[in-house]
Every structure is written in structure tokens, then in C-alpha cells.
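Undergrad: Okay, handing you the structure first.
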Amino acid sequence: MTIRKTLARLALLAAAGALSPLARAEESGWAQLNLPQGVTDISRKIYALHMEIFWVCVAIGVVVFGAMIWSIIAFRKSKGAIADVTLVHNTKVEVIWTVVPVIILIAMAVPAARTLVEIEDTTKTGLTIKVTGFQWGWEYEYLDEGVAYYSHLDRASDAARELGSGIDPTTVPHYLLNVDHPLVVPNGVKVRLLITAADVIHSWWVKDLGVKKDAIPGFVNEAWFKVDDGWTGSLRGNCAELCGRDHGFMPIVVDVRSRADFDTWLKNTAAEQKQAAAPAAAPTATTPAGAPPATPTASAAASG
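Under our numbering, read the sequence shown as residues 92 to 395, first letter to last.
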């Protein structure tokens with residue numbers, strides 16, 4: 092068997108091995124091996140940038156490895172090729188392999204910089220939410236709205252994960268990806284996040300929003316997203332920074348609602364929390380009708 096046939100068979104086997112998992116993943120739906128396009132304009136721009144850079148890298152790989160494989164086959168020793176030991180310098184070649192990569196890098200840097208600038212643009216927002224990570228959950232505070240609450244792993248997942256619980260995790264909906272109180276946001280509104288932490292470094296990551304930002308104690312990082320107008324539903328994410336023993340048990344759920352439903356939820360939640368925080372009225376002592384007046388206590392009489 093010649094070297095050329097061997098390389099061809101190896102290439103076919105590698106291609107089949109690479110494509111078969113992709114086909115199985117697409118058929119079964121058990122995995123997504125690429126970035127999602129998401130439900131925001133910025134997430135789609137991130138996806139487009141990712142694919143653009145990916146195909147540039149593929150093209151470079153094809154050229155470089157193609158040249159290497161061709162050189163190995165065409166100039167092998169069995170064909171009588173002899174190494175050239177006299178070539179030590181070629182100015183033209185060095186200029187080419189310096190200029191071409193610089194042009195490629197500039198062509199890649201321009202769209203990347205444009206997208207990064209847009210990612211950091213937190214102006215003209217309609218809602219600001221402070222996100223505080225802690226071991227092991229999240230606190231959401233709607234600034235200037237009077238609403239704040241904590242979000243933890245939901246009780247069903249928490250019970251199933253315990254050692255010896257006897258609960259089959261496959262019977263729990265969204266096992267380890269559900270929470271008791273999701274972050275509620277409106278669609279069609281630019282939401283600004285102020286992200287920090289109370290103890291160690293966490294990272295708030297929801298891939299369908301195109302947001303991944305570290306939560307660092309003592310610092311406030313900014314992020315933003317704007318869900319497509321008309322889109323409603325739940326989005327799921329995780330803490331993406333190893334933060335301790337239960338790092339894997341602090342998911343993120345974003346509940347996207349229409350603006351009317353969100354306004355109603357925000358108004359009702361603010362009223363409920365305000366009522367719950369109000370001090371209870373102190374009971375007043377009353378004297379039943381016809382009862383004799385109360386006599387002073389011994390201490391009161393002594394002080395009198």
C-alpha cells in the first residue's frame with residue numbers, strides 16, 4: 092500500500108469519525124456543539140463573529156497542512172528527494188509570511204473590535220438590575236423599583252442531588268437547571284446588569300443572551316441584553332466560575348415576559364414585598380366594659 096493511499100484512508104476515517112458524532116447529536120438532540128444564535132441581536136452578532144473567525148482558521152489550516160502534506164508526499168526520500176542544505180535566507184519569503192498574517196489579523200480585528208465595543212455599550216437602557224453572586228445562588232435587585240429577592244437551586248433538584256435520596260434525577264424536570272425564583276425581564280427592553288459578588292468570584296452566564304460576566308467581590312461589572320420583541324419563555328444558564336463546593340448547583344433562569352405582563356408582575360411583587368416589610372401594628376390594651384379600673388402594680392406604687 093502506498094503512502095498516498097494510506098493518507099487518503101486515514102483522512103476518510105478521520106472525517107467519518109468527526110461527522111458521526113455530529114449526526115448523532117443532531118438526531119438525538121443531546122448536545123449542541125456550537126454557539127447558539129440566541130434570542131438577542133448581540134448574541135447573533137457574537138455567533139456571526141465566531142463563525143467568521145472559525146472559517147478563517149479553517150482556511151489557514153487547509154493551506155498550511157495542505158502544503159505540509161503535499162511536501163511530505165512529493166519530496167519524500169523514496170522518490171529520491173535530497174534536502175537543500177544551502178538555502179539559509181530568502182528576504183521575499185520572509186516578507187510574505189510576515190505581511191500576509193498581519194493582513195489576516197487586521198481583517199479579523201476590525202469586526203471583533205466592532206462587536207466588543209457594542210457588547211460594552213450599556214447606554215440607553217430601560218431597566219437596571221443589580222446581580223449579586225454568593226455561595227451558592229444569586230440575588231436580584233431591581234434598582235429604583237423596590238423589588239429584590241434571592242434565587243437558589245429549586246427544591247426538587249436539591250432533594251434529588253442529595254446522597255441516598257432515592258430520587259431518580261431523570262424524573263426531575265430541568266434537573267440542576269431550575270431555580271425557585273427566576274430573573275424576570277421584559278422583552279424588547281434593553282436591560283442593564285450590574286454584576287458583583289458577596290464572597291468569592293462567580294460568573295453570570297446565559298449563552299442565549301450572549302452574556303457572560305464575572306461577579307467579583309468589591310467590583311461592579313456591567314453587561315446588557317435586549318431580548319427580541321415578541322419572544323417569551325425561559326432561558327437557562329450557570330455560574331461559569333469555579334466558586335466552591337456547590338458551584339455546580341447554582342443555575343440561572345431568566346423568565347422573559349411581555350412588557351405588559353412584566354409591568355404587572357413588577358407592580359404586584361413590589362406591593363407584596365412592601366407589605367411584608369411593614370412592621371406589624373402593636374396591640375393596644377383595652378378595658379372591657381363594666382370592668383373595674385386596673386390597679387397599679389407594686390413597683391408602680393413604690394415608685395409613686
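A virtual CB, placed ideally from N, CA and C, is assigned to each residue, including glycine.
What is the DSSP secondary structure of Ser-73, reduced to helix, strand or coil?
TA: Residue 73 falls outside the range modelled here, since the chain spans only 92 to 395, and no answer is possible.
Undergrad: With distance defined between alpha-carbon atoms, name the residue in Ala-139, Asp-320, Pro-260 nearest to Asp-249.
TA: Looking at the Cα atoms, Pro-260 is the closest of the given residues.
Undergrad: For the beta strand (DSSP E) containing Phe-340, list its first residue and its last residue.
TA: From DSSP, Phe-340 is part of no beta strand (DSSP E); its letter is neither H nor E.
Undergrad: Per DSSP, Ala-369 forms a beta bridge with which residues?
TA: For Ala-369, which the question treats as bridged, DSSP gives no partner whatsoever.
Undergrad: Would you say Arg-283 and Leu-207 are within 8 Å of each other, going by their C-beta atoms?
TA: Contact: no.
Undergrad: Can you tell me which of the three DSSP states Tyr-241 falls into?
TA: In this structure, Tyr-241 counts as strand in the three-state DSSP scheme.
Undergrad: Between the C-alpha atoms of Ala-382 and Glu-363, what's the straight-line distance to the nearest angstrom?
TA: Its pLDDT being 44, under 50, Ala-382 is placed unreliably in this model, and the coordinates cannot settle the point.
Undergrad: Quick check: the Cα distance between Val-280 and Ile-343, rounded to an integer number of angstroms?
TA: C-alpha separation (whole angstroms): 20 Å.
Undergrad: With 16 other CB atoms within 10 Å as the buried threshold, where does Tyr-231 fall?
TA: Under this definition Tyr-231 is a buried residue.
Undergrad: From this set, Thr-323, Ala-369, Leu-140, which residue's C-alpha is nearest Val-276's C-alpha?
TA: Comparing Cα positions, the closest option is Thr-323.
Undergrad: What's the gap between the Cα of Glu-185 and the Cα of Leu-178?
TA: Roughly 13 Å separates the two Cα atoms.
Undergrad: In this structure, how does DSSP classify Leu-326 when only helix, strand and coil are distinguished?
TA: Note: Leu-326 maps to strand in three-state DSSP.
Undergrad: Take the Cβ of Asn-359 as the centre, count every other Cβ of all protein chains shown within 10 Å, and call the residue buried at 16 or more, exposed below.
TA: Burial call: exposed.
Undergrad: Which of the three DSSP states is assigned to Ser-256 in this structure?
TA: Ser-256: coil per DSSP, three-state reduction.
Undergrad: Just to confirm my understanding: we take Gly-108, look at its own chain, exclude 5 residues before and 5 after, and list those with CB closer than 8 Å. What are they?
TA: Note that Gly-108 scores a pLDDT of 44, beneath 50, so its modelled location is shaky; the value from the coordinates is reported in the next line. The answer is none, since no qualifying residue turns up.
Undergrad: Are the region 318–336 and the region 286–299 in contact at 8 Å, needing three or more beta carbon pairs?
TA: Yes, the region 318–336 is in contact with the region 286–299.
Undergrad: In three-state terms, what does DSSP make of Arg-283?
TA: Strand, per DSSP.
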